[in-house]
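What follows is a single structure, written as structure tokens, with notes after it.
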Amino acid sequence: MKHMTRKATRHISQNEGLIFEKSSPGKAAWKLPPLDVPEVDTAKLLGKQERKDLGDMPEVSEIEIIRHFTRLSTWNYAIDLGMYPLGSCTMKYNPRVNEFVARVEGLANGHPYQAEKISQGALRIMKTLSDCLLEITGMDAITLQPAAGAHGELTGMLMVRAYHQSKGNARKKILIPDSAHGTNPATAATVGYAVENLKSNDCGMVDVAALAAQMNEDVAALMVTNPNTLGVFEQEIHKIAELMHAKGGLLYMDGANMNALVAKARPGDFGADVMHLNLHKTFSTPHGGGGPGSGPVAVKKILAPFLPTPVVVTKADGTLGFEYNRPQSVGRVRAFYGNFGMFIRALAYIFANGPDGLRQTTEDAVLNANYIRKGLEGVYDLPYSTPSMHEVVFSDKLQSKKGVKTMDLAKRLIDYGFHPYTTAFPLIVAGALMIEPTESEPKEELDLFIEAMKSIAEEVEEDPQFVLDAPHNTRISRLDETAAARKPVLRWKPEP
Amino acid sequence: MPYPTDRKYTKEHEWITADGMIGITHHAQGSLGDIVFVELPKVGTEITIGKSFGTVESVKAVSDLYAPVSGTVTGVNEALATAPEQVNKDAHGAWMVKIKVKDPSEMNALLSAPDYDKFVSEEAAH
Amino acid sequence: MRYLPKSPADRAAMLKAIGIHSVDDLFSPIPAEYRLTRDLDIPRQMAESEIVDWFKQRAKENGEGYTSFLGAGAYSHYRPVVIDALVQRGEFLTSYTPYQAEFAQGTLQAIFEFQTMISELTGMDLANASMYDGSTGAAEAVMMAVRITGRHSAAIARNLHPEYREVLNTYATHQAIPLKTVSFTDSGQIDLKELEKAVGDDTACVLIQSPNFFGTIEDVEAIAGIAHKRGALLVVSIAEAVSLGIVEPPRTADIVAMEAQSFGVPLGFGGPYCGVLATKEKFVRQMPGRLAGQTVDKNGKRGFVLTLATREQHIRREKATSNICTNQALVALMVNIFMTVYGKIGLRELAKQNLAKAAYAADQFSKHAEVLFAGAPRFNEFVVETSEDPYAINSRLLGHKIVGGFPLKKFYPELGHAALWCCTELTTRSMIDTAVGLVAESERSVRSMKDAEPEEVAR
């Protein structure tokens, strides 16, 4: 290795095959209690519907299962191991008390159809979280039902459509800035709207003049992320909202970057009509290798009649209950009430912080991003000099002169013991390096990161091929994604 | 790369022969990178000039295939379903669909081989 | 604040390095009139012990210590302790979607094993990495069938989970997919004659559930025959995954939309759960959701990557197969570990116990009340019709710390006095006998009141 890395050292990790390769008949990790009712004749009960064989399902013992998954786990990087600077993903610390309280008996074992009388605890959690999120966003009403951010977007856009329909015209299209996350256009299309692109201005913000020109009575809403994917606060957001409202349109805010605003500014105050939150980003519920998420949608009063059913209400006797009779509702977007386990975790996070903690959290998140920006300015190209909030976007312009692209730099970062930043997004920056440190990083970790990024930039100058061949220290080198896509192997099969 | 003169070209980087075979150009396969899948219409499908009739996929991108002229699909290169890499290896040999051209005069507006070559080098200069 | 790793001196040093005096300067891009100058009106910062106390208090108000006969799409099965021991490892819990494959092989290999086991259990060629849940999975499966067939309507069984139908309605309305609902017969199964009539040349798919919402097993082969005859696909929703241990999987289906909650996922008041889609190989490029695939690295070593990403929103944007962005990775990992623990033999034995408990309970109930839909095989749920309103019975059962069956009136008005009961391996014989005893008592008292009525009228 050319440069010393202070954060990580090579370390033995165990090899491990697929669980099926460990299986052999007669091994077992299960034991059922003796049956206390009469045995049944399965053939008689099920007839031709009886299944005789479970094919290639594994047979292994408990210690093998523990070792198998523990070994696999050691091949992952994680927030628990260090900084995870994925832009727009908000990889912050996932507090362990969240996990603990989510597993308290009574909450973990509550059945969604048990009587309201014995569901007051769960309902209270939903109500308290709802109240907190409404105060944080400055909105009027909320649904917790959507299962993830994109699902929240879908719910929000359904409500936009229902709102316009109630006025007699669903309208035709949605405006989306070119810096937007891919889910925005996908969602608009799912709800049956055409998508019209909105160009960003030289500062990386929505071009208000262009918006004014494109806005008309066919436009149902503008979907805007604020701060946007460049980490830039849309300074003219109130003008944007006014432009939309003047022509009867709505302002949808993608709350993916809410970690820059909590306790410092409220979307409801600056004109958003509907927004989703990502509990797995801003409110510390774990990403878990890609889910589960949770995407509550908060709205202004005008959209409240369209919320999915059911909503939590306080009844005349002071107890809580679900209200199903909502004639203007967009309907259900998921069975039951949403990812309740995530509500518990998010609420525990809010309790642990309180108003002062949430404010300090946001300030630290923005401070961290700006500290990195300062540390790497000049080393990497900064395509937009507009002030950064919680994340900063560089480009590989300087390094690509040597043939080294953002993804190559990212792969080399792995050797330094860091997870890569977000590569090649947003699309308006060619070769983007999108870095979001979150509030969870101490100064020491940020310094190590800056040092690593500087060191990689030097390596690019000295020996670009070495960076192009990275990662050098992982269990496996770069994988052949082309082969994977041409001839997909999506499941294990026994050797013939 | 000399472009074959037995066919016409579009600014969207498709080629079409006089008898209605359609494919993408060598330049197009180069900028797409390793092609992993080609999605093509069924025989009998009507395709319309300038409109998408299928897609080519690389690992991380999807591109539409635009009809150079209007017509009806009479043949589909089934071999590409299992061997999409043929498009990378021999773009001008790996035809995708064959069509019965509706209006042969539409062919006149397409680019000739030298014009396409010029178009590609001008595009690269941008 | 205990989650924030900085001292005041650290913050001061960082501000100095940036070249500003106050952190407020960093918020200057937000117009002053929108900057919050007060504290948020939310509960004050709490100690960990206070947080734990607060939630334990809520748990006490939430049916803690009750015995339940509820199923209806959310099932109470034993969760082996190794599940939580493993999913709480930080490397699984606190990692991101495995886009950087070299640094996420653990998650990727686990997904690959999950896909394999789901394929094996459902009798399909392959499965995705998971979906939000069974309801959204079923809706996504219908939209997938629309894409595959180029047709625009769907026939839906009325005995599909009613909330799944509601979700599908929400999705279908805006995709302009008309839905025809097909009713059920006296056996609780879908009405095949009505289905024949409902399937036409524009039907993209038939969507059924088996075991269906009443716990009855459908004749999937016959239904597939009807669908395929008209060129429509068959989508089978499975809400009770444990049934796959003993019930023949829907091999003749084209898409299986499954809710895998039964496999080691806590009831958790309805979520997070684990939907998953499985299908035939030829349909894979129309399937939504993430997929892990096997490949090799530069040195020929086996490894796994997320593949066929071009189907997804971040590449196709408005043309994506779905706007879905996450899967339920950590929940899928619970499911994965559960399937591994029980495996080839255990899953069958587990399913057999469920079958036996439900058969015993149905038998006991039938001595005192009417067990509906007796004509068809069932798994671990059954419908009991009583003389008294099930809500009234249930509220009496609550007094004995028993949560009775799910009253069907809300979704099936014609089944006004019927309730859906569920027994799993966790339901003991004594619980069953107690519940049956209480229902029998109610039946006797209603009957004796009825017997007494004519006399009262005569007087």
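Here the protein sequences line up with chains A, B and C, keeping their order. Numbering-wise (my numbering), the first sequence opens with residue 542 and increments by one. Numbering-wise (my numbering), the second sequence opens with residue 1161 and increments by one. Numbering-wise (my numbering), the third sequence opens with residue 152 and increments by one. Note that beta-carbon positions come from the ideal geometry of N, C-alpha and C, so glycine has one too.
Chain-order list of residues whose beta-carbon lies under 8 Å from that of residue i (same chain, five-residue window excluded)
{"i": "Ala753 of chain A", "result": "Leu784"}
{"i": "Gly444 of chain C", "result": "Phe263, Phe455, Val456, Leu457, Thr458 and Leu459"}
{"i": "Ser413 of chain C", "result": "Tyr226, His228, Glu391, Ala392 and Val393"}
{"i": "Glu600 of chain A", "result": "Ser564, Ser565, Pro566, Gly567, Lys568 and Ala569"}
{"i": "Leu259 of chain C", "result": "Pro249, Ala252, Ala443, Gly454, Phe455, Val456 and Leu457"}
Start and end residues, beta strand (DSSP E) containing residue i
{"i": "Leu792 of chain A", "result": "Leu791 to Asp795"}
{"i": "Cys573 of chain C", "result": "Ala569 to Cys573"}
{"i": "Arg1167 of chain B", "result": "Arg1167 to Tyr1169"}
{"i": "Tyr1226 of chain B", "result": "Val1222 to Tyr1226"}
{"i": "Thr684 of chain A", "result": "Ala682 to Thr684"}
{"i": "Ser304 of chain C", "result": "Ser304 to Ala308"}
Three-way DSSP call (helix, strand, coil) for residue i in this model
{"i": "Lys1260 of chain B", "result": "strand"}
{"i": "Arg610 of chain C", "result": "Below a pLDDT of 50, predicted positions are generally treated as unreliable, and Arg610 of chain C, at 42, falls in that range; the measurement from the model is reported next regardless. Arg610 of chain C: coil per DSSP, three-state reduction."}
{"i": "Ile955 of chain A", "result": "helix"}
{"i": "Glu694 of chain A", "result": "helix"}
{"i": "Ala750 of chain A", "result": "helix"}
{"i": "Thr332 of chain C", "result": "strand"}
{"i": "Ser158 of chain C", "result": "coil"}
{"i": "Asn1064 of chain A", "result": "Residue 1064 of chain A is absent from the structure shown; chain A starts at 542 and stops at 1037."}
{"i": "Gln360 of chain C", "result": "strand"}
{"i": "Asp448 of chain C", "result": "strand"}
{"i": "Ala255 of chain C", "result": "strand"}
{"i": "Pro564 of chain C", "result": "helix"}
{"i": "Leu974 of chain A", "result": "strand"}
Proximity test, Cβ basis, 9 Å: residue i and chain A
{"i": "Gly351 of chain C", "result": "no"}
{"i": "Asp1194 of chain B", "result": "yes"}
CB contact check: residue i to chain B, cutoff 9 Å
{"i": "Arg886 of chain A", "result": "no"}
{"i": "Thr1023 of chain A", "result": "yes"}
{"i": "Arg1027 of chain A", "result": "yes"}
{"i": "Ala461 of chain C", "result": "A quick correction: the sequence has Thr, not Ala, at residue 461 of chain C. Yes, Thr461 of chain C counts as interfacial toward chain B."}
{"i": "Arg441 of chain C", "result": "no"}
Own chain, CB closer than 7 Å to residue i, minus 5 neighbours either side, in chain order
{"i": "Ser741 of chain A", "result": "Pro718, Asp719, Ser720, Val747, Asp748 and Ile969"}
{"i": "Glu432 of chain C", "result": "Asp276 and Leu277"}
{"i": "Ile606 of chain A", "result": "Ala570"}
{"i": "Leu481 of chain C", "result": "Val238, Phe243 and Leu244"}
{"i": "Thr731 of chain A", "result": "Leu695"}
Within-9 Å CB hit, residue i to chain C
{"i": "Phe1197 of chain B", "result": "yes"}
{"i": "Glu1217 of chain B", "result": "yes"}
{"i": "Glu1245 of chain B", "result": "no"}
{"i": "Met542 of chain A", "result": "In this prediction, Met542 of chain A scores a pLDDT of 46, lower than 50, which makes its location untrustworthy; the coordinate-derived value is nonetheless stated afterwards. With 9 Å as the cut-off, Met542 of chain A does not count as an interface residue toward chain C."}
{"i": "Glu580 of chain A", "result": "yes"}
{"i": "Val1229 of chain B", "result": "no"}
{"i": "Val1222 of chain B", "result": "yes"}
{"i": "Pro1037 of chain A", "result": "no"}
{"i": "Asn911 of chain A", "result": "yes"}
{"i": "His692 of chain A", "result": "yes"}
6 Å CB neighbourhood of residue i in its chain, flanking five on each side removed
{"i": "Ser281 of chain C", "result": "Cys425, Val427, Asn478, Gln479 and Ala483"}
{"i": "Lys1262 of chain B", "result": "Ser1230 and Gly1231"}
{"i": "His705 of chain A", "result": "Ala711, Arg712 and Ala761"}
{"i": "Pro1012 of chain A", "result": "Lys952, Ile955 and Asp956"}
Cutoff 9 Å: residue i Cβ touching any chain E Cβ
{"i": "Asp949 of chain A", "result": "This model lacks chain E altogether; the protein chains it does include are A, B and C."}
Residue i: first and last residue of the uninterrupted alpha helix (DSSP H) it sits in
{"i": "Ile234 of chain C", "result": "Val232 to Val238"}
{"i": "Asn738 of chain A", "result": "Counting along the chain, Asn738 of chain A falls outside any alpha helix (DSSP H), though it belongs to the beta strand (DSSP E) covering Ala735 to Leu739."}
{"i": "Arg712 of chain A", "result": "Looking at the DSSP string, Arg712 of chain A is not in any alpha helix (DSSP H), and its letter there is neither H nor E."}
{"i": "Phe892 of chain A", "result": "Phe881 to Leu917"}
{"i": "Ser1212 of chain B", "result": "Element bounds for Ser1212 of chain B: not the alpha helix (DSSP H) but the beta strand (DSSP E), Ser1212 to Ser1218."}
{"i": "Ser200 of chain C", "result": "Glu199 to Lys211"}
Members of the stretch 1237-1261 of chain B that neighbour chain C once the beta carbon cut-off is set at 7 Å:
none
When Cβ atoms are compared, which residues of the stretch 419-437 of chain C fall closer than 8 Å to chain B?
Arg436
At a CB distance below 8 Å, what residues from the stretch 542-559 of chain C approach chain A? Give them in sequence order.
Asn545, Ser546, Leu549, Val554 and Phe557
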